[in-house]
Amino acid sequence: MNEIKSIFPNSQANDQKIAGIYEDIDNYLVNLIKNDALSPKPLLICGGGTSSRCASKDHWTLDLRKNFQEIQFDKTKNEVLIEAGVNMHTLTKTISEFNRSFPIGISGFTGIGYILTGGISPLSRKYGLAIDHVEEISGFWGNGEKFTLHKPDSCSNKEDHLKWKALCGAAPFLAIITKIRLKTHKQNAIYAWETSISPMQLATTIEMAEEWPDSSSMYWFWGNKIKSYGLIELETKKDYDDFSYIIDKIPKSNDFCSYKISNINQLKEVTIPIKNNKLFKKQHSEVLGLLGPDMNANASKIIKEIEKLINNRPSENSYISAQQLGGETKNKDNDSSSFVHRDSSWKPWITGAWNEGDIKGREENLNWMRETWEELEDYFPGVHLAQMHPHLTWHKKEIKAAFKTWLPELKRLKSNYDPKGILPPL
Ligand SMILES: Cc1cc2nc3c(=O)[nH]c(=O)nc-3n(C[C@H](O)[C@H](O)[C@H](O)COP(=O)(O)OP(=O)(O)OC[C@H]3O[C@@H](n4cnc5c(N)ncnc54)[C@H](O)[C@@H]3O)c2cc1C
Numbered sequence: 236m237n238e239i240k241s242i243f244p245n246s247q248a249n250d251q252k253i254a255g256i257y258e259d260i261d262n263y264l265v266n267l268i269k270n271d272a273l274s275p276k277p278l279l280i281c282g283g284g285t286s287s288r289c290a291s292k293d294h295w296t297l298d299l300r301k302n303f304q305e306i307q308f309d310k311t312k313n314e315v316l317i318e319a320g321v322n323m324h325t326l327t328k329t330i331s332e333f334n335r336s337f338p339i340g341i342s343g344f345t346g347i348g349y350i351l352t353g354g355i356s357p358l359s360r361k362y363g364l365a366i367d368h369v370e371e372i373s374g375f376w377g378n379g380e381k382f383t384l385h386k387p388d389s390c391s392n393k394e395d396h397l398k399w400k401a402l403c404g405a406a407p408f409l410a411i412i413t414k415i416r417l418k419t420h421k422q423n424a425i426y427a428w429e430t431s432i433s434p435m436q437l438a439t440t441i442e443m444a445e446e447w448p449d450s451s452s453m454y455w456f457w458g459n460k461i462k463s464y465g466l467i468e469l470e471t472k473k474d475y476d477d478f479s480y481i482i483d484k485i486p487k488s489n490d491f492c493s494y495k496i497s498n499i500n501q502l503k504e505v506t507i508p509i510k511n512n513k514l515f516k517k518q519h520s521e522v523l524g525l526l527g528p529d530m531n532a533n534a535s536k537i538i539k540e541i542e543k544l545i546n547n548r549p550s551e552n553s554y555i556s557a558q559q560l561g562g563e564t565k566n567k568d569n570d571s572s573s574f575v576h577r578d579s580s581w582k583p584w585i586t587g588a589w590n591e592g593d594i595k596g597r598e599e600n601l602n603w604m605r606e607t608w609e610e611l612e613d614y615f616p617g618v619h620l621a622q623m624h625p626h627l628t629w630h631k632k633e634i635k636a637a638f639k640t641w642l643p644e645l646k647r648l649k650s651n652y653d654p655k656g657i658l659p660p661l
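The sequence shown begins at 236 in our numbering and counts up by one.
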């Protein structure tokens with residue numbers, strides 16, 4: 236146990252007066268867990284520390300960033316073993332030395348929580364979710380028992396299949412993950428582009444993107460204006476032709492720019508079109524991720540609704556964004572992981588932000604997020620639990636929407652592997 240000195244990248248987490256920090260899973264901590272002597276519960280886990288729930292008032296945080304930094308690349312299998320404190324930038328930078336890549340998200344700042352909660356990459360339409368790359372998982376169940384699980388095959392028993400499915404997407408509720416082994420891909424160059432667009436141009440781009448090849452995808456941010464981003468991985472001659480075609484057709488404005496990079500970790504940092512647009516600036520925020528199918532001909536109707544919601548946002552630092560899935564993310568069946576919304580094509584997410592200590596601003600923004608969710612849930616009925624909110628009134632609803640019919644089995648597993656609720660509640 237160490238004194239409280241660690242700085243979490245998420246400013247809301249960072250501003251909490253927490254009980255303290257553990258930086259190792261030693262016998263002392265394991266005994267506290269096994270004897271149910273941790274107080275208060277749950278124990279919070281910090282992988283990359285980018286979400287608001289890696290630290291909370293009066294709670295203990297297990298911060299893995301310092302002592303879980305090992306990375307081993309296996310050249311014969313093209314697999315990489317990472318400990319749980321490695322962030323996505325370090326992962327991709329290390330394996331790029333072997334000409335390999337991994338589908339990280341829009342930012343390399345995120346830690347292993349990105350993978351454990353599903354992991355939607357701009358390259359997911361080609362390669363699948365981050366969670367689809369996991370081959371082996373090690374850690375401690377919430378009951379304190381140590382484990383290593385390999386990806387199940389036809390010889391594995393039913394319980395091993397269920398445990399695997401639970402850990403791939405719902406691990407934060409069941410276990411402390413210490414390391415994972417991942418498949419990697421050959422590194423290919425990428426063309427990326429960005430442009431400001433109007434609401435109607437956004438609807439047009441969305442309809443176009445739904446027809447794009449799986450090597451490409453788009454994401455967008457809507458605050459004071461709309462910034463649209465896209466990329467395509469360049470592996471074949473057709474990818475170059477597709478790039479020219481897409482760039483020719485998409486709506487763009489004077490600030491349009493495109494650039495070529497050799498690895499996804501070189502993507503330019505997103506400039507969110509809000510008042511205070513520096514990543515991890517001194518603002519508190521919550522993020523709620525939804526999931527839904529293609530928008531098709533509904534795109535302009537949905538965009539008009541989002542425009543009304545944006546116009547009603549209580550703070551200039553709150554915004555709505557979305558990233559595209561589909562392609563390979565749809566090719567896995569619902570039994571392969573706890574990411575059960577395999578039919579999804581879009582993940583819109585709602586960010587409500589307020590100044591530290593502004594209780595009214597917090598309330599207004601959380602209400603706006605809830606109302607926005609209600610307005611959009613007919614189109615986007617699923618939830619992506621990349622950020623969990625056990626401290627908010629909508630936690631039960633988000634859990635149900637995230638896991639649907641898989642939830643009862645997940646709860647049964649929790650009652651076996653985290654019976655005392657050492658980890659966040661389901
Ligand atoms: C700038 C930015 C860009 C993002 N882009 C994307 C994107 O493109 N695609 C996408 O899918 N998501 C994206 N996200 C969301 C992000 O992936 C999730 O919020 C993720 O949970 C963050 O993980 P972390 O380890 O960085 O954060 P943390 O706050 O440390 O952890 C997040 C959660 O994961 C749990 N957790 C972390 N480590 C462990 C562990 N070892 N064992 C058990 N539980 C653990 C924690 O309990 C916590 O609730 C983005 C977030 C940010 C801030």
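Note that CB positions come from ideal geometry on N, CA and C, so glycine has one too.
Other residues of its chain near P643: CB distance less than 8 angstroms, five sequence neighbours each side excluded: Taking the first residue of the sequence shown as position 1, residue 643 is located at position 408. Once the five neighbours on either side are set aside, P643 has no close Cβ partner at all.
The region 597 to 608 contacting the region 562 to 571, beta-carbon criterion three pairs below 8 angstroms: no
Cβ-based neighbour list, V618, same chain, cut-off 7 angstroms, excluding 5 preceding and 5 following: Taking the sequence shown and counting its residues from 1, one reaches residue 618 at position 383. So the qualifying residues of the chain are G524, L525, L526, E633, A636, A637.
Of the residues L326, R416, S373, Q422, the one placed nearest K398, counting alpha carbons only: Translated into positions along the sequence shown, residue 398 becomes position 163. Of L326, R416, S373, Q422, the residue nearest in Cα terms is S373.
Contact test: C403 Cβ vs ligand 1 heavy atom, cutoff 7 angstroms: On the sequence shown, residue 403 is found 168 positions in, with the first residue counted as 1. False, no ligand heavy atom lies under 7 angstroms from that Cβ.
Range covered by the beta strand (DSSP E) that runs through V369: One-based indexing of the sequence shown puts residue 369 at position 134. Start and end: 369 to 376.
Given 8 angstroms, three or more beta-carbon pairs between the region 526 to 543 and the region 409 to 429: no
heavy atom of ligand 1 below 7 angstroms from Y652 C-beta: On the sequence shown, residue 652 is found 417 positions in, with the first residue counted as 1. No.
Whether K462 touches P508 by CB criterion (8 angstroms): By one-based count along the sequence shown, residue 462 stands at place 227. By one-based count along the sequence shown, residue 508 stands at place 273. Going by C-beta atoms, K462 is nearer than 8 angstroms to P508.
Contacts around R605, its chain only, beta-carbon distance under 7 angstroms, and the 5 residues preceding and following it disregarded: Here residue 605 corresponds to residue number 370 of the sequence shown, with the count starting at 1. Closer than 7 angstroms at the Cβ level, and outside the excluded window around R605, lie W629.
Proximity of I347 and G404 at Cβ, strictly below 8 angstroms: As a first step, residue 347 is located in the sequence shown; it is residue number 112 there, counting from the start. As a first step, residue 404 is located in the sequence shown; it is residue number 169 there, counting from the start. For I347 and G404, no; Cβs fall outside 8 angstroms.
Residues near H385 by beta carbon distance below 6 angstroms, same chain, minus five either side: Position 150 of the sequence shown holds residue 385. Hits under 6 angstroms: E371.
Cβ shell of S451 (< 6 angstroms), same chain only, five flanking positions each side left out: Position 216 of the sequence shown, counting from 1, holds the residue named residue 451. Answer for S451: I467, listed in chain order.
Own chain residues within Cβ distance below 8 angstroms of N237, not counting five before or after: Residue 237 sits at position 2 when you count from the first residue of the sequence shown. Only weak support exists for where N237 lies, its pLDDT of 48 falling under 50; the value from the coordinates is given anyway. Taken in chain order, the residues that qualify are G255, I256, Y257, E258.
Continuous beta strand (DSSP E) stretch holding A588: start and end: Stepping through the sequence shown from its first residue, residue 588 is reached at position 353. From DSSP, the beta strand (DSSP E) with A588 extends over 581 to 589.
Heavy atom of ligand 1 within 7 angstroms of N302 beta-carbon: Walking along the sequence shown from the start, residue 302 turns up at place 67. Result no, Cβ not under 7 angstroms from ligand 1.
Beta-carbon contacts of G379 that lie in its chain and below 6 angstroms, excluding the five residues immediately before and after: To locate residue 379, count along the sequence shown from 1; it is residue 144. Once the five neighbours on either side are set aside, the close Cβ partners of G379 are V265, I268, K269.
Residue nearest to K310 in terms of C-alpha spacing, selected from F344, L417, P275: Here residue 310 refers to the residue found at position 75 when the sequence shown is read from its first residue. It is L417 whose Cα lies nearest to the Cα of K310.
Minimum C-alpha distance to T419 - residue among S553, F308, A248, E542: Within the sequence shown, the letter at position 184 stands for residue 419. Considering only alpha carbons, the answer is F308.
Cutoff 6 angstroms; reference I485; Cβ partners in own chain excluding five residues on either side: Translated into the one-based positions of the sequence shown, residue 485 becomes position 250. Only T440 meet the Cβ criterion.
Distance CB(G343)-CB(N322) smaller than 8 angstroms: By 1-based counting over the sequence shown, the position of residue 343 is 108. By 1-based counting over the sequence shown, the position of residue 322 is 87. For G343 and N322, yes; Cβs fall inside 8 angstroms.
For R416, three-class secondary structure by DSSP: On the sequence shown, position 181 is the one that residue 416 refers to. Residue state, collapsed to three classes: strand.
From E470, K276, K473, L502, residue whose alpha carbon lies closest to that of Y464: The count along the sequence shown starts at 1 and reaches residue 464 at position 229. It is L502 whose Cα lies nearest to the Cα of Y464.
Heavy atom of ligand 1 within 7 angstroms of L279 beta-carbon: Counting from one through the sequence shown, the residue named residue 279 turns up at place 44. Flag set: Cβ of L279 near ligand 1.
Pick from F574, N334, D449 that is closest to I366, judged by C-alpha positions: Counted from its first residue, the sequence shown places residue 366 at position 131. Selected option, being the one with the closest Cα: F574.
Inter-residue Cα distance where the pair is S241 and N547: What you label residue 241 is simply residue 6 of the sequence shown in a count that begins at 1. What you label residue 547 is simply residue 312 of the sequence shown in a count that begins at 1. Its pLDDT being 46, under 50, S241 is placed unreliably by the model, and the measurement read from it follows with that caveat. Going by the C-alpha atoms only, they are around 37 angstroms apart.
Backbone CA spacing between Y494 and H324 [nearest angstrom]: Along the sequence shown, read from residue 1 onward, the residue named residue 494 stands at position 259. Along the sequence shown, read from residue 1 onward, the residue named residue 324 stands at position 89. One C-alpha to the other measures close to 19 angstroms.
Expected contact under 8 angstroms - CB spacing of S359 and I499 to nearest Å: Your numbering for residue 359 matches position 124 in the sequence shown. Your numbering for residue 499 matches position 264 in the sequence shown. S359 to I499, Cβ: 11 angstroms. No contact.
Rounded separation between L316 and E551 - CA only: For the purposes of this step, residue 316 is identified with residue 81 of the sequence shown, where counting begins at 1. For the purposes of this step, residue 551 is identified with residue 316 of the sequence shown, where counting begins at 1. Taking the straight line joining both Cα atoms gives about 41 angstroms.
Buried/exposed call for H626, threshold 16 Cβ in 10 Å: Translated into positions along the sequence shown, residue 626 becomes position 391. So H626 counts as exposed.
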